[in-house]
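To start, the structure itself, in structure tokens.
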Amino acid sequence: MAIHKRTRPYLASAVGAMLCAFAAPVCAQATYPSRPVNIVVQTPPGGPLDAAMRVVAKQLEQRFGNNASVIVENKPGANGLIATKFVAQSAPDGHTLLGVSVSHVANPSIHRNMPFDPLQELKGIAHLGVARNVFVASAVAPPRSIEEFVAWAKENPDKVTFGSGGVGSGGHLMAELIAQSTGIRMTHVAYKGGTAMLPDLVAGRVLFSVDTLKNMAPVVEAGSVRILGVTNAQRWPDLASVPTFVESGYPQVALNSWIGIVAPAKTPPEVMARLERELASIASLPEVREQFSGFGLSILPEPLVGEQFQAFMESEKAMWKKIADAADIKVD
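Those letters in the sequence shown? Residues -28 to -1, 1 to 304, by mature numbering (1 follows the signal peptide of the UniProt record, and there is no 0).
Given below as structure tokens:
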């Protein structure tokens, strides 16, 4: 009898394992998450991507219940490549996710020796927001409009400097597009993040920049920097008096920076499907949309998930490659 008593649990375990083997989708859904979930962020704390991921983490925790906590982990550096490589090499089980922005799709075009393709190693879960991007001038710079900027830049080609959060960052590429579209020349000054650039922009050591409204808001409100235009296709309601480059005669300058979440490519489809559902649900909440708006982000009426988001990133990759190639932006 003792033998039978010891055997029954073993048999139950074996039968359970066999059932899971035949019903893997059900088991994957039933056991996920089985430990804390990490959302790795490519940027330092405080920016729009970081702030948005913390809102998402809190919402996911509520949906996961007692199963797991959701932790935001910042791994800035190398224009997002440090975080990207870390997540790409993590176990593909849905417990390590990556919060991404434009640099995720731009990096393959500017890094000569990338050991992997981020869009192959990581697959899209959900597009979570479009950023309000502004083209700004230091208060010491003469131009007060897009038209004045173009005219002044053509008359003073050696004085036109712009700062960005790094080589190949969204701000860098957008500024290069402005230069290409307007026929001007600008000298790029790269910093380790947009925050590090602000003191020089305020002091006039660099004169222009493209960044999110959230990052620029403090210096704009202080009067140290002025907004000349928005790089999105349409005016934003909260910046109704600020023109777009499109209406100023430069239709090519109509780009959005955006944020989203991706996971290692071999993550089980059932786990990906659950995350897609949860994130789409989170994005539909009025309170989340309001919080994102405070970060300078707008959530699409119908967020892109799964293959839709992946296709979107592939098209973005091709577009940013054209800009990077035209500007000959390359990093060893």
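Note that CB positions come from ideal geometry on N, CA and C, so glycine has one too.
{"query": "Whole-number beta carbon distance between F264 and A29, since they are thought to touch under 8 Å", "result": "Their Cβ separation, rounded to whole angstroms, is 14 Å, which puts A29 and F264 out of contact at 8 Å."}
{"query": "Buried or exposed by the 16-neighbour rule on C-beta atoms within 10 Å, applied to L272", "result": "exposed"}
{"query": "Residues near G278 by beta carbon distance below 6 Å, same chain, minus five either side", "result": "E248"}
{"query": "Whole-Å CB distance - M146 paired with T203, under 8 Å assumed", "result": "5 Å"}
{"query": "Cβ pair count under 8 Å reaching 3, the segment 148 to 158 against the segment 121 to 131", "result": "yes"}
{"query": "Assumed close pair G142, S181 - CB separation to whole angstroms, cut-off 8 Å", "result": "At roughly 11 Å, the Cβ-Cβ gap does not stay under 8 Å, so G142 and S181 are not in contact."}
{"query": "Residues that S110 bridges to, as DSSP identifies them", "result": "V197"}
{"query": "Reduced DSSP secondary structure (H/G/I, E/B, other) of N128", "result": "coil"}
{"query": "S229 burial status per 10 Å Cβ neighbour count (16 or more: buried)", "result": "buried"}
{"query": "7 Å Cβ cutoff met for P275 and H99", "result": "yes"}
{"query": "Cβ pair T56, N10 closer than 7 Å", "result": "no"}
{"query": "Span separating the alpha-carbon of Q14 from that of T184", "result": "16 Å"}
{"query": "Near the ligand NAD: V161 beta-carbon under 6 Å from a heavy atom", "result": "Among the ligands in the structure shown, none appear at all, so the ligand NAD cannot be discussed."}
{"query": "Pick from P190, G138, S253 and L173 that is closest to V132, judged by C-alpha positions", "result": "L173"}
{"query": "Runs of beta strand (DSSP E) lying entirely within the segment 151 to 180, each at least 3 residues, in chain order", "result": "159 to 162"}
{"query": "Contact check, S220 vs I118, beta carbons under 7 Å", "result": "yes"}
{"query": "Through-space distance from G195 to A290, alpha-carbon basis", "result": "37 Å"}
{"query": "Residues near R104 by beta carbon distance below 6 Å, same chain, minus five either side", "result": "L185, W208 and G268"}
{"query": "Integer Cβ distance of L251 from I233, believed to fall under 8 Å", "result": "6 Å"}
{"query": "C-beta atoms of A111 and W292 nearer than 7 Å", "result": "no"}
{"query": "Between the CA atoms of Q31 and G71 - distance to the nearest angstrom", "result": "15 Å"}
{"query": "Cβ neighbours of V74 in the same chain (closer than 6 Å, five flanking residues each side left out)", "result": "G142 and S229"}
{"query": "A40 beta carbon less than 7 Å from that of P5", "result": "yes"}
{"query": "Terminal residues of the alpha helix (DSSP H) in which residue 345 lies", "result": "What the structure shows of the chain is the stretch from -28 to 304, and residue 345 is not part of that stretch, so it cannot be assessed."}
{"query": "Span of the alpha helix (DSSP H), counted from its first residue to its last, around I54", "result": "L53 to A60"}
{"query": "Nearest neighbour of Y222, chosen from G66, V192, Q34 and Q206 [CA to CA]", "result": "Q206"}
{"query": "Distance, R246 Cα to P240 Cα", "result": "10 Å"}
{"query": "Among P87, G37, V42 and V102, the one whose alpha carbon lies nearest that of R26", "result": "V42"}
{"query": "Whole-angstrom C-beta distance between M188 and V102, which should lie under 8 Å", "result": "Wrong, their Cβ atoms sit about 16 Å apart, outside the cutoff."}
{"query": "Check whether K95 and A283 have beta carbons under 7 Å apart", "result": "no"}
{"query": "Per-residue DSSP class, three states only, for F(-7)", "result": "The predicted position of F(-7) is uncertain, since its pLDDT is 46 and thus under 50; a value taken from the coordinates is nonetheless stated next. Note: F(-7) maps to helix in three-state DSSP."}
{"query": "Sequence-distant residues of the same chain with beta carbon closer than 8 Å to A(-8), five excluded per side", "result": "Low local confidence applies: a pLDDT of 44 at A(-8) is under 50, so the model's placement there is unreliable, with the coordinate-based value given in what follows. Excluding positions up to five away in sequence, the list is empty."}
{"query": "Residue environment, A175, which counts as buried when at least 16 other CB atoms sit within 10 Å", "result": "exposed"}
{"query": "Pair within 7 Å by beta-carbon distance, G178 and G135", "result": "At residue 178 the sequence reads Val, which differs from the Gly that was named. In contact: V178 and G135 (Cβ atoms closer than 7 Å)."}
{"query": "K302 classed as buried or exposed, judged by whether at least 16 other C-beta atoms fall within 10 angstroms", "result": "exposed"}
{"query": "For H67, the three-state DSSP class (helix, strand or coil)", "result": "coil"}
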